[in-house]
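Below you'll find the structure, written out as structure tokens, and then a few comments.
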Amino acid sequence: MVEIIKTKNLSAYFGEKCVLKNINIEVYKNEILGIIGPANSGKTTFLKALNRLNYLNPSYREEGEILLEGENIKKIKDNVLRKKIGIIFSLPQVLPISIYDNVAYGPKIHGIRKRSILDEIVEDALRKAYLWEEVKDRLKEPATKLSGGQQQRLCIARTLAIEPQIILYDEPCSGLDPISTAKIEEAMRELKKHYTQILVTNNTKQAARISQRCAFFLMGELIEINKTSILFTSPQNKLTDDYIRGKFG
Amino acid sequence: MNAHLREKIAFFILGIVTLIVILPILGTLFYILKNGISAINWEFLTQPPRNGMKEGGIFPAIVGTIYLIIGTMVFSLPLGVLSAIYLTEYAKDNFFTRLIKLAIVNLSGVPSIVYGLFGFALFVIFLKFGTSILAGSLTLAIMSLPVIITATKEALEAVPQSFREISLSLGATKWQTIRYCVLPYAWGGILTGTILSLSRAAGETAPILFTVAAFYLPYLPRSIFDQVMALPYHLYAISTQVPNIPKSISFGTALVLIGLVFIMNLISSILRAYFRRKKLW
Amino acid sequence: MNLKTIKEKTIEFFIRISGFLIILFVILIFLFLLKDSLSFFKKYSFFKFLTGKMWLPISDNPQFGLLPLLLGSLYVTFFALIICVPLGVASAMFIAEVAPSPLRGILKSLVEILASIPSVVLGFIGIVALGPWIKKFFHLSTGLCGFTGSLLLAFMALPTIISISEDAINSVPKSVKEAAFGLGATRWQTLWRIILPHASSGIIAAIMLGIGRVIGETMVVMMVTGNSPVLVHSIFEPLRTMTATIASEMGETVRGSLHYFALFSVGLILFIITFIINFLADLFLHKK
Chain A
112 MVEIIKTKNL SAYFGEKCVL KNINIEVYKN EILGIIGPAN SGKTTFLKAL NRLNYLNPSY
172 REEGEILLEG ENIKKIKDNV LRKKIGIIFS LPQVLPISIY DNVAYGPKIH GIRKRSILDE
232 IVEDALRKAY LWEEVKDRLK EPATKLSGGQ QQRLCIARTL AIEPQIILYD EPCSGLDPIS
292 TAKIEEAMRE LKKHYTQILV TNNTKQAARI SQRCAFFLMG ELIEINKTSI LFTSPQNKLT
352 DDYIRGKFG
Chain B
627 MNAHLREKIA FFILGIVTLI VILPILGTLF YILKNGISAI NWEFLTQPPR NGMKEGGIFP
687 AIVGTIYLII GTMVFSLPLG VLSAIYLTEY AKDNFFTRLI KLAIVNLSGV PSIVYGLFGF
747 ALFVIFLKFG TSILAGSLTL AIMSLPVIIT ATKEALEAVP QSFREISLSL GATKWQTIRY
807 CVLPYAWGGI LTGTILSLSR AAGETAPILF TVAAFYLPYL PRSIFDQVMA LPYHLYAIST
867 QVPNIPKSIS FGTALVLIGL VFIMNLISSI LRAYFRRKKL W
Chain C
-3 MNLKTIKEKT IEFFIRISGF LIILFVILIF LFLLKDSLSF FKKYSFFKFL TGKMWLPISD
57 NPQFGLLPLL LGSLYVTFFA LIICVPLGVA SAMFIAEVAP SPLRGILKSL VEILASIPSV
117 VLGFIGIVAL GPWIKKFFHL STGLCGFTGS LLLAFMALPT IISISEDAIN SVPKSVKEAA
177 FGLGATRWQT LWRIILPHAS SGIIAAIMLG IGRVIGETMV VMMVTGNSPV LVHSIFEPLR
237 TMTATIASEM GETVRGSLHY FALFSVGLIL FIITFIINFL ADLFLHKK
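Residue numbers (this note's numbering), protein chains in the order written: chain A, 112 to 360; chain B, 627 to 907; chain C, -3 to 284.
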């Protein structure tokens, strides 16, 4: 298994509050890494630290290192980094433009102007997100007209269109109906072939379904990380066991 | 006296007072309308004044005001929008930023005649532009900055933060995000604020007194270094310096000036309502 | 890729500069006023300027006493405030808390219309209508006096006072109002005893901004308050404000003459006064 991301003693603060304590974790290429834990355990902060989105908040501070393919991400320009590491947010957030334009936004930003190429990229991304069949006849319609589940898949397509290496998911299915959730999980399984994915989820069953390895975060600390099957059947830490059984969180 | 009776009396008084405020507004408008409408005809609007302003029309003043409006916009819009972008998207919460905000508040409170003095000293004399459309426009532009900056700031802040997050997370740079994901949605507010600000500039007299306005010019301006006649100054001049000016002409001038300002205000309000309805998010 | 970065860096440079330019403009205004004022004070004592009771710029022994002009401005402002503060705050209360919804919209539009009337038009109304009427009504020798100016200035300041007071009243949290109602207070009692005190800093800011507006007004006073730069005993006499002095005399001075520089000094004093007022008003507006 090839290592693609590694964090070394990563700690994070919002103002005085410490939200991540000394996280040491590796992420392997082409895996789906699940991150579970109760609210406020730092899962989202960890995710957003990887593509430096936390810095949108002026009170954010970091210590330690994050390495992407061996290189410290601080040495990579923000916009270049974020092209390599895409993110899907928990609430489907589409821009108030057409479906086509939403997906094409990323490639256009990165300099692709030719219509024919954009058409290809958009179709390809929508197919991979399992959305193409539903929208292929109405690409020019406003994206806001789609249902929640469709919008979230649109967000996935939007991210795929910039051809990232890594895709981050921040509780992508919260608030979605079971069918949409199933479609998204199906998409994630297919995407495994070409992308590395990290899934933060409140839904332990979902983590058990899709991820190969799983990490348990609690109060900003990494409590345990292991192959999913092992973590769920015989966790080594009592806290992990309690959480999975639903005793808290 | 019980509390409810007291309330009725109090509210009644408040209503009367408001009426005292409102009636003169309406009265003034109707008064000008009544006395000025007779002068408004094609000749009045398209002919220059004759016979010492007592006959003819106010065409050059209208043209001059329009030139000044355009000139003011050319200078104030880019600078105003860029400053607002700086304040909302780039500025950190520090002393320098507070200083800028304080400067904006102060610019909006500077008396118009002080702008006139400043414009005269800086643009007419120091930069040697002479009394010209250029000097007048620059002066009016600085005066208009606070309104444009405030309107632009509000328009930018109204764009949801999620848009920026989405754009950045797709690998766009900060400027790309502003240009493609924020500004397009702010133009409505920016336009509305600009038109409002220009409508005020159109009605100002003091800043143009020594920077551009001329009492009478026998020809229309040919370059930005020319002086120009302007509606507000024209009204001032004919009501204070021309004895026995026919009532219709002076009221007609006032009516045209008010009309111009009102139309611009109306356009601004209609645009504001339009963009509010069209709210995309 | 590099060209794009250069373009972007250039744009960001201009953006950053624009913020700085705003500060620069304020400083420039101050400096240009100061520069020519200093030329004045080199030849005329600052103390004599501030305390002189006579403004006679074109006599053989020119006197540049600020007092008649300063007091003219203050006098006219004071009377304008007496009229517009009660009217404005009361109207704001009516619009914000009493008027039913459709009426509120109409009233606010009318106030906005008042705000957009150019000052020269109000000055014009003063000359052709208000002045003669005041002359008749108060049996004066001329209707062009301080009082006429105060009346018109009061109306000019009303929109400022009304809209900012209205904002202040509206920004009182609903929970405060509901608490009062819950204790059985009538709408009037709530308005008078609870909302108004709560909104007081905003209303004070509104008044200060109104003061700033009135002191800085030029055209109305120039056209309507008479043309008499002397110390007056009554608001019904013709007088002159600082603003009107600059506006009416600037065109007649020779560039570089003492009179010319004196007018810049008046402008400097005006700038400083309005600077302080606006600074204080801003403090009150942000005092929550």
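Glycine residues also receive a C-beta, built at the ideal position from the N, C-alpha and C atoms. As the structure is a prediction and not an experimental result, all values here were calculated from the model.
Complete runs of the beta strand (DSSP E) confined to the region 239 to 291 of chain A [at least 3 residues]: 277 to 281
Can you find the residues in the same chain that come closer than 7 Å, C-beta to C-beta, to residue 883/B, ignoring five residues on each side of it along the sequence? 829, 857, 858, 861
Three-state secondary structure (DSSP) of residue 113/A: In the displayed model, residue 113/A falls within coil according to three-state DSSP, outside both helix and strand.
Is there a Cβ from chain C that is less than 8 Å from the Cβ of residue 811/B? no
Between the CA atoms of residue 295/A and residue 798/B - distance to the nearest angstrom: 25 Å
Is the beta carbon of residue 92/C sitting closer than 8 Å to the one on residue 201/C? no
Own chain partners of residue 677/B with C-beta closer than 7 Å, once the 5 adjacent residues on each side are dropped: none
For residue 250/C, which three-state DSSP category applies? If DSSP states are grouped into helix, strand and coil, residue 250/C belongs with coil.
Is there a Cβ from chain B that is less than 8 Å from the Cβ of residue 261/A? no
Of all the options 354/A, 346/A, 113/A, 325/A, which has the alpha carbon lying nearest to the alpha carbon of residue 181/A? 113/A
Taking 8 Å as the CB-CB limit, is residue 735/B close to chain C? When Cβ-Cβ separations below 8 Å define contact, residue 735/B makes contact with chain C.
Since residue 170/A and residue 126/A should fall inside the 8 Å C-beta cutoff, what is the C-beta to C-beta distance between them, to a whole number of angstroms? 4 Å
Should residue 900/B go down as buried or exposed, given a rule of 16 or more other Cβ atoms within 10 Å for buried? exposed
Under the three-state reduction of DSSP, which class applies to residue 362/A: helix, strand or coil? This structure gives no information on residue 362/A, because the portion of chain A shown stretches from 112 to 360.
Is the Cβ-Cβ distance between residue 155/A and residue 131/A less than 8 Å? no
Taking 8 Å as the threshold (C-beta atoms), are residue 204/C and residue 244/C in contact? no
Say whether chain B places a C-beta atom closer than 8 Å to the C-beta of residue 303/A. Residue-level contact by beta carbon fails for residue 303/A and chain B, as no gap is shorter than 8 Å.
Hey, which unbroken runs of the alpha helix (DSSP H) at 4 residues or more fall wholly within the region 182 to 226 of chain C? 196 to 212, 215 to 220
Near-chain B residues of the region 159 to 177 of chain A - C-beta to any C-beta below 8 Å: Hits within the stretch, in order: 162, 164, 167, 169.
Interface residues of chain B around residue 217/A at Cβ under 7 Å? Chain-order list of chain B residues neighbouring residue 217/A: 796, 797, by C-beta distance under 7 Å.
Ranges of the alpha helix (DSSP H) found wholly within the region 835 to 900 of chain B, counting only runs of at least 4: 857 to 866
Against chain C, does residue 778/B count as a neighbour if the rule is that its beta carbon must be under 8 Å from one of theirs? no
Going by the DSSP bridge assignment, what does residue 236/C pair with across the sheet? Answer is none; residue 236/C lacks a bridge partner.
Quick test of your reading: residue 612/B and residue 694/B, contact by CB under 8 Å. State the CB separation rounded to the nearest angstrom. Because residue 612/B is not part of the residues shown, which for chain B are 627 to 907, the question remains open.
For residue 207/A, name the three-state secondary structure that DSSP assigns. Coil.
Supposed contact pair residue 121/A and residue 197/A - C-beta distance, whole angstroms, cut 8 Å: Their Cβ separation, rounded to whole angstroms, is 20 Å, which puts residue 197/A and residue 121/A out of contact at 8 Å.
Runs of 4 residues minimum, wholly inside the region 47 to 88 of chain C: which ones carry the alpha helix (DSSP H) assignment? none
Give a yes or no on whether 8 Å exceeds the smallest Cβ distance from residue 633/B to chain C. Answer yes: the Cβ-Cβ gap between residue 633/B and chain C drops below 8 Å somewhere.
Let me check one thing: in DSSP terms, what residues is residue 332/A bridge-paired to? 329/A
In or out: residue 289/A buried (at least 16 other Cβ within 10 Å) or exposed? exposed
Label residue 347/A either buried or exposed according to how many other C-beta atoms from any shown protein chain fall within 10 Å of its C-beta, with 16 as the threshold for buried. exposed
So residue 197/A contacts chain B; which residues on that side make the cut at Cβ distance below 9 Å? 795, 796, 797
Inter-residue spacing [alpha-carbon to alpha-carbon] between residue 774/B and residue 240/A: Distance between the alpha carbons of residue 774/B and residue 240/A is about 43 Å.
Within chain C, the residues that residue 768/B reaches when beta carbons sit closer than 8 Å: 21
Contacts of residue 657/B in chain C (Cβ-Cβ under 8 Å): 121, 125
Output needed in chain order: residues of the region 700 to 729 of chain B with a Cβ under 9 Å from some Cβ in chain C. Per Cβ criterion, the list reads 704, 705, 706, 707, 708, 709, 710, 711, 712, 713, 715, 716, 717, 722, 723, 725, 726, 727, 728, 729.
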